[in-house]
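Below is one structure; the comments refer to it alone.
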Amino acid sequence: MEDPVTVSESSPVSECGPVRDLPPQDLAGFTHRWVDADGIRLHAVEGGRPDGPAVVLLAGFPQTWQAWRKVMPSLADRFRVIAIDLPGQGHSERSVRGYDTHTVAAHVHAAVEALGVPSYWLAAHDIGAWVAFSLALNYGNRLRGVALLDAGIPGISLPETIPTDPTRAWKTWHFAFHLVPDLPETLLTGREREYVGWFLRTKALSPDAFDDADLDLYAAALAADGGLRAALAYYRDAAESARRNHEALSRQHLTVPVLGISSSHGSVPDMAASLSPWADNTTGVVVADAGHFIPDEQPGAVAAAIADFVTGRV
Numbered sequence: 357m358e359d360p361v362t363v364s365e366s367s368p369v370s371e372c373g374p375v376r377d378l379p380p381q382d383l384a385g386f387t388h389r390w391v392d393a394d395g396i397r398l399h400a401v402e403g404g405r406p407d408g409p410a411v412v413l414l415a416g417f418p419q420t421w422q423a424w425r426k427v428m429p430s431l432a433d434r435f436r437v438i439a440i441d442l443p444g445q446g447h448s449e450r451s452v453r454g455y456d457t458h459t460v461a462a463h464v465h466a467a468v469e470a471l472g473v474p475s476y477w478l479a480a481h482d483i484g485a486w487v488a489f490s491l492a493l494n495y496g497n498r499l500r501g502v503a504l505l506d507a508g509i510p511g512i513s514l515p516e517t518i519p520t521d522p523t524r525a526w527k528t529w530h531f532a533f534h535l536v537p538d539l540p541e542t543l544l545t546g547r548e549r550e551y552v553g554w555f556l557r558t559k560a561l562s563p564d565a566f567d568d569a570d571l572d573l574y575a576a577a578l579a580a581d582g583g584l585r586a587a588l589a590y591y592r593d594a595a596e597s598a599r600r601n602h603e604a605l606s607r608q609h610l611t612v613p614v615l616g617i618s619s620s621h622g623s624v625p626d627m628a629a630s631l632s633p634w635a636d637n638t639t640g641v642v643v644a645d646a647g648h649f650i651p652d653e654q655p656g657a658v659a660a661a662i663a664d665f666v667t668g669r670v
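Going by our numbering, the sequence shown opens with residue 357, and the numbers climb by one from there.
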């Protein structure tokens with residue numbers, strides 16, 4: 357990890373975080389930051405070229421910024437790379453309420469601004485893509501483009517019903533489960549590792565994509581300081597996210613360039629097609645030999661797709 361910078365007492369950026377029982381995991385060439393982001397402290401991991409185009413990365417459930425750890429070094433030689441833990445995720449503060457994606461998007465954008473980034477590219481997976489879609493609706497004038505990986509967006513492309521066919525239901529059954537008040541917490545507290553393991557190893561094309569250390573890391577993040585409650589809150593606020601997405605889209609479509617990144621064995625076969633009715637400039641790529649967790653399973657292909665998007669080759 358790089359030597360920490362010295363910041364003044366008035367600076368919005370600090371070198372210590374609010375989740376005390378979760379030691380940060382270092383990534384060579386990158387530095388941990390905690391940023392005051394419109395009333396909540398968010399965790400960011402930053403590295404790469406300070407003078408390069410800024411690329412901001414958001415992860416989904418049940419992961420943290422570390423979902424991007426295999427992608428970040430490949431981007432760092434050309435770009436300023438910033439991976440941010442969403443509110444309640446990883447090493448970011450667990451707020452009591454406000455997990456609809458428009459509220460979260462405001463926090464994420466505030467964090468990027470606090471880091472001194474005037475404009476940026478955004479790449480996001482799963483629930484991170486929920487947030488990125490809403491952020492692009494509200495802050496399109498500050499975004500250069502947004503890449504969304506294997507995610508149905510609330511109110512846009514996320515199915516409102518759960519299929520009962522077991523060959524399809526295993527991909528989406530958890531949406532209803534996570535909405536039930538209190539029951540998931542009752543059943544999952546103390547068994548976070550088993551739950552994380554099911555998601556990572558079942559939804560990846562190859563179970564070998566994640567080792568025991570990965571399961572330990574993500575389970576610890578869910579178990580620390582209300583992380584599970586916060587993770588579930590994104591699902592419980594999904595209806596409000598959908599409502600606010602519809603409200604914003606009644607005024608305008610997405611105007612920034614959108615890249616839909618799908619995978620050969622993911623949840624959404626054609627991300628670009630699912631987004632094109634709501635965006636004026638949409639392109640798509642399909643990553644081979646990957647399931648849902650594309651950045652973990654095929655980091656080289658994901659890094660190449662993002663780099664091509666930023667440099668105008670997609």
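Virtual Cβ for every residue (Gly too), placed ideally from N, Cα, C.
Here the structure is a predicted model, which is why all the values come from computation and not from measurement.
> Is the CB-CB distance between residue 575 and residue 552 below 8 Å?
Replying inline: Within the sequence shown, numbered from 1, the residue matching residue 575 stands at position 219. Within the sequence shown, numbered from 1, the residue matching residue 552 stands at position 196. In contact: residue 575 and residue 552 (Cβ atoms closer than 8 Å).
>> Looking at the secondary structure, which residues open and close the beta strand (DSSP E) in which residue 617 lies?
In response: Against the sequence shown, residue 617 aligns to sequence position 261. Run containing residue 617: 614-619, per the beta strand (DSSP E) assignment.
> Roughly how many angstroms separate the alpha carbons of residue 545 and residue 448, rounded to a whole number?
Replying inline: One-based indexing of the sequence shown puts residue 545 at position 189. One-based indexing of the sequence shown puts residue 448 at position 92. Looking at the two C-alpha atoms, the distance is approximately 20 Å.
>> If we require 3 or more residues per run, which beta strand (DSSP E) segments fall completely within the region 588-637?
In response: 614-619
> In whole angstroms, what separates the C-alpha of residue 329 from that of residue 525?
Replying inline: Any question about residue 329 goes unanswered here, given that the chain covers just 357 to 670.
>> I'd like to know whether the C-beta atoms of residue 641 and residue 654 end up nearer to each other than 8 Å.
In response: As a first step, residue 641 must be located in the sequence shown, where it is residue number 285. As a first step, residue 654 must be located in the sequence shown, where it is residue number 298. Cβ distance not < 8 Å, so residue 641 and residue 654 don't count as in contact.
> Does the beta-carbon of residue 539 have 16 or more other beta-carbons within 10 angstroms, so that it is buried, or is it exposed?
Replying inline: As a working note, residue 539 is residue 183 in the sequence shown. Per the 10 Å Cβ criterion, exposed.
> How long is the line joining the alpha carbons of residue 607 and residue 493, rounded to whole angstroms?
Replying inline: By one-based count along the sequence shown, residue 607 stands at place 251. By one-based count along the sequence shown, residue 493 stands at place 137. Taking the straight line joining both Cα atoms gives about 10 Å.
> What three-state label does DSSP hand residue 458 in the structure shown?
Replying inline: Position 102 of the sequence shown, counting from 1, holds the residue named residue 458. Helix, per DSSP.
> So, helix, strand or coil for residue 526, using DSSP?
Replying inline: Working through the sequence shown from its first residue, we reach residue 526 at position 170. The answer is coil: DSSP assigns residue 526 none of H, G, I, E or B.
> What are the partner residues of residue 389, as DSSP defines its beta bridges?
Replying inline: Here the question's residue 389 lines up with position 33 in the sequence shown. Answer by DSSP bridge pairing, in chain order: 400.
> With C-beta atoms as the reference, is residue 464 less than 8 Å away from residue 414?
Replying inline: As a first step, residue 464 is located in the sequence shown; it is residue number 108 there, counting from the start. As a first step, residue 414 is located in the sequence shown; it is residue number 58 there, counting from the start. In this structure, residue 414 lies closer than 8 Å to residue 464 by Cβ.
> Which of helix, strand or coil does DSSP assign to residue 440?
Replying inline: Here residue 440 corresponds to residue number 84 of the sequence shown, with the count starting at 1. DSSP places residue 440 in strand when its eight states are reduced to three.
>> Pop quiz: residue 594 and residue 510 are said to be a contact at Cβ under 8 Å. What is the actual Cβ separation, rounded to whole angstroms?
In response: Taking the sequence shown and counting its residues from 1, one reaches residue 594 at position 238. Taking the sequence shown and counting its residues from 1, one reaches residue 510 at position 154. Contact holds; Cβ gap of about 5 Å.
>> Pull the bridge partners of residue 481 from the DSSP assignment, please.
In response: As a working mapping, residue 481 is identified with position 125 in the sequence shown. In the DSSP output, where bridge partners are listed per residue, residue 481 has 505.
> Would DSSP call residue 405 helix, strand or coil?
Replying inline: To locate residue 405, count along the sequence shown from 1; it is residue 49. Correct three-state label for residue 405: coil.
> Under three-state DSSP, which class holds residue 560?
Replying inline: Residue mapping note: residue 560 aligns to position 204 of the sequence shown, counting from 1. In the three-state DSSP reduction, residue 560 falls in the coil class, being neither helix nor strand.
> What separation, rounded to the nearest whole angstrom, lies between the Cα atoms of residue 382 and residue 388?
Replying inline: Walking along the sequence shown from the start, residue 382 turns up at place 26. Walking along the sequence shown from the start, residue 388 turns up at place 32. Distance between the alpha carbons of residue 382 and residue 388 is about 8 Å.
> Can you tell which of 405, 370, 394 has its C-alpha closest to the C-alpha of residue 385?
Replying inline: Numbered from its first residue, the sequence shown carries residue 385 at position 29. Closest by alpha carbon: 405.
> On the three-pair Cβ rule with 8 Å, is the region 650-670 touching the region 414-431?
Replying inline: At 8 Å Cβ cutoff, the stretches touch.
>> Please list the terminal residues of the continuous alpha helix (DSSP H) segment that includes residue 539.
In response: As a position in the sequence shown, residue 539 is number 183, starting the count at 1. Note, residue 539: alpha helix (DSSP H), 539-544.
>> Tell me which residue opens and which closes the alpha helix (DSSP H) that residue 658 is part of.
In response: By one-based count along the sequence shown, residue 658 stands at place 302. From DSSP, the alpha helix (DSSP H) with residue 658 extends over 655-666.
> Mind checking whether residue 550 and residue 579 have CB atoms under 8 Å apart?
Replying inline: By 1-based counting over the sequence shown, the position of residue 550 is 194. By 1-based counting over the sequence shown, the position of residue 579 is 223. Between residue 550 and residue 579, the C-beta gap is not smaller than 8 Å, which leaves the two residues out of contact.
> If you drop the 5 nearest sequence neighbours on each side, which residues of the same chain put their C-beta closer than 8 Å to that of residue 455?
Replying inline: Position 99 of the sequence shown, counting from 1, holds the residue named residue 455. Counting only Cβ-Cβ distances below 8 Å, and skipping sequence neighbours, we find 443, 444, 586, 589, 590, 592, 593.
>> Within a Cβ cutoff of 6 Å, which residues of the same chain sit near residue 358, ignoring the five residues on either side of it in sequence?
In response: Here residue 358 is taken as the residue at index 2 of the sequence shown, counted from 1. Only weak support is given to the placement of residue 358: the predicted model assigns it a pLDDT of 38, under 50, and the value that follows is read from those uncertain coordinates. Contacts found: 387.
> Looking only at C-alpha atoms, which of 417, 629, 380 sits nearest to residue 480?
Replying inline: For this step, residue 480 is matched to residue 124 along the sequence shown. If we check each option's Cα against that of residue 480, 417 comes out closest.
>> So for residue 578, helix, strand or coil by DSSP?
In response: Walking along the sequence shown from the start, residue 578 turns up at place 222. Of the three classes helix, strand and coil, the one that applies to residue 578 here is helix, per DSSP.
>> On the CB-based measure, 16 or more other CB atoms within 10 Å of its CB, does residue 372 come out buried or exposed?
In response: Here residue 372 corresponds to residue number 16 of the sequence shown, with the count starting at 1. Residue 372 is exposed by the Cβ-count criterion.
> How many whole angstroms separate the CB atoms of residue 370 and residue 486, which I take to be in contact at a CB cut-off of 8 Å?
Replying inline: Residue 370 sits at position 14 when you count from the first residue of the sequence shown. Residue 486 sits at position 130 when you count from the first residue of the sequence shown. That pair is no contact at about 27 Å.
>> For residue 666, which residues in the same chain have their Cβ closer than 6 Å to its Cβ, ignoring the five residues on either side in sequence?
In response: The residue you call residue 666 lines up with position 310 of the sequence shown. Closer than 6 Å at Cβ, skipping near neighbours: 409, 477.
>> I need the DSSP call for residue 583, collapsed to helix, strand or coil.
In response: Along the sequence shown, one-based indexing puts residue 583 at 227. Helix.
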